[in-house]
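Anchor point for the sequence shown: position 347 equals 347 in UniProt numbering, and the numbering is continuous, going up by one each time. Heads up, the beta-carbon is just placed ideally off N, CA and C, and yes, glycines get one too. Bear in mind that the values here come from a model prediction, so they are computed numbers and not experimental data. Reviewing the structure listed below.
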Amino acid sequence: MSAWEKNIRKVVPYVPGEQPNIPGMIKLNTNENPYPPAPGVAMALQDIKTDRLKLYPDPTAKLLTDTLAAYYKVGKDQVFVGVGSDDVLGMAFLTFFNSDRPILFPDITYSFYDVWAELFSIPYERPKLDHNFRIRKEDYYKKNGGVVIANPNAPTSIYEELDVVRDIIEHNQDCVVIIDEAYVDFGGISAACLIKEYDNLLVVQTFSKSRSMAGMRIGYAFGSEKLIRALNDVKYSYNSYTMNQTSIHLGVEALKDRAYFEECTSMITKTRSRVMWELKELGFSFPDSKTNFIFATHEFIPAEELYTALREEKIFVRYFKKPRIDNYLRITVGTDKEMDALIKVLKEYIHKRK
Ligand code: PMP
């Protein structure tokens, strides 16, 4: 076997989730937003001049980075954008981590971190979460090559307070700490306010969840000028045109409507509270979710069985099994109507099974 084949054998491909396309299905398996993007996005889409599409996009996506800087009140040189936060995170692994010392991220967390580490030959260690799925911050105090924390974490849905994040950054001043905030708009507080204090902090967010634009693939990061310059240097020597014209344009439009964004996220958090209460009544337990999904286990029915029962009714959720996670469902919070359908199927199934 040739050297490249040996290398690639270590890589476990990660496909970001099932994307079935079945008429009438209820899709609660990949944490998308059930509501459409802001109305201005639909209007802007109609206005796109197809003539513009024959031109290359601005490789720096300056319109979008400047708009994000103004929206989040950070410097224009403190923003980096990419094709979804997966692209931004992948680029950050490539830029900041190397084979000198292992990087640290929790076991369990977003499964792409292992994939990038393997792919880029970055050694890593995965400190275990405690029995309540919480981070033990002391695990991240030892000398290492970098730290990655999803906050809120996926798939556990748990948010760690900003003090915990700050302590981890404090103890890792000589390496880069990445805080992946894909779900922060559903109840967490962003660590972006800390980039003024810590030049080793990179905060990554996305338009895929709270802004209902997973299909456009827009992700971004905030960090010190030093970190953002490094990301751009790697990007331009490797992949100059990551964002397309339409994503840049529609991303800017989405940011204009703060009221819609707030309304949408609050509808999701309200539905989440109601569904958590109903799931509890049905015998489920779960951590307190600060995301647009619920990580739930049932007192006596295996997760795989519930997953199959729901699937038969065209309701798609994710389920997790050993070795990494034992017996949990991850249910995206959809519209009230979708969640009513989910609860109805679960209620009937659990009742029959008793
Ligand atoms: N981080 C976490 C924790 C996620 O769960 C996801 C997607 N499910 C991402 C990053 C990537 O999201 P996107 O590439 O759509 O921005």
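Query, Result
"Alpha carbon of ALA44 to alpha carbon of HIS249, nearest angstrom", "8 Å"
"Residue nearest to GLU299 in terms of C-alpha spacing, selected from PHE316, GLU281 and LEU310", "GLU281"
"Ligand 1 heavy atom lying under 6 Å from the CB of ALA61", "no"
"Residues bridged to LYS314 (per DSSP)", "Answer is none; LYS314 lacks a bridge partner."
"Sequence-distant residues of the same chain with beta carbon closer than 6 Å to THR291, five excluded per side", "PRO152, SER157, TYR183 and PHE186"
"Where GLY215 falls, given that 16 or more other Cβ within 10 Å makes a residue buried", "exposed"
"Status (buried if at least 16 other CB within 10 Å, exposed otherwise) for PHE120", "exposed"
"Segment contact flag, the stretch 263-283 with the stretch 302-316, C-beta cutoff 8 Å, min 3 pairs", "no"
"Inside the stretch 152-229 only - alpha helix (DSSP H) runs reaching at least 4 residues", "162-170"
"Contact under 7 Å by Cβ, GLY251 with LEU55", "no"
"CYS130 burial status per 10 Å Cβ neighbour count (16 or more: buried)", "Correcting the residue type first, residue 130 is Asp in the shown sequence and not Cys. With fewer than 16 other Cβ atoms within 10 Å, it is exposed."
"Residues bridged to residue 358 [DSSP beta-bridge criterion]", "Look at the range of the chain in this structure, 1 to 354, and you will see that residue 358 is not part of it."
"Short Cβ contact (7 Å threshold) for ALA221 with VAL88", "yes"
"Under 7 Å between C-beta atoms of ILE122 and ILE108", "no"
"Distance cut-off 6 Å: THR156 Cβ against heavy atoms of ligand 1", "no"
"Ligand 1 heavy atom lying under 6 Å from the CB of SER111", "no"
"MET267 versus PHE207, ASN31, GLY334 and ARG217, residue with shortest Cα-Cα distance", "GLY334"
"Sub-7 Å separation of ALA150 and ASP114 beta-carbons", "no"
"Limits of the unbroken beta strand (DSSP E) element including VAL81", "79-82"
"Straight-line gap, ILE26 to PHE316 (C-alpha atoms, nearest Å)", "6 Å"
"Contact test: GLY82 Cβ vs ligand 1 heavy atom, cutoff 6 Å", "no"
"Check whether ALA3 and MET243 have beta carbons under 7 Å apart", "no"
"Ranges of the alpha helix (DSSP H) found wholly within the stretch 32-56, counting only runs of at least 4", "39-47"
"Cβ pair VAL203, ALA191 closer than 7 Å", "yes"
"Whole-angstrom distance between SER247 and ILE48, CA atom to CA atom", "11 Å"
"Ligand 1 heavy atom lying under 6 Å from the CB of THR265", "no"
"Environment of GLN19 [buried if 16+ CB atoms lie within 10 Å]", "exposed"
"Completely contained beta strand (DSSP E) runs for the stretch 240-315, where each covers 3 or more residues", "293-298"
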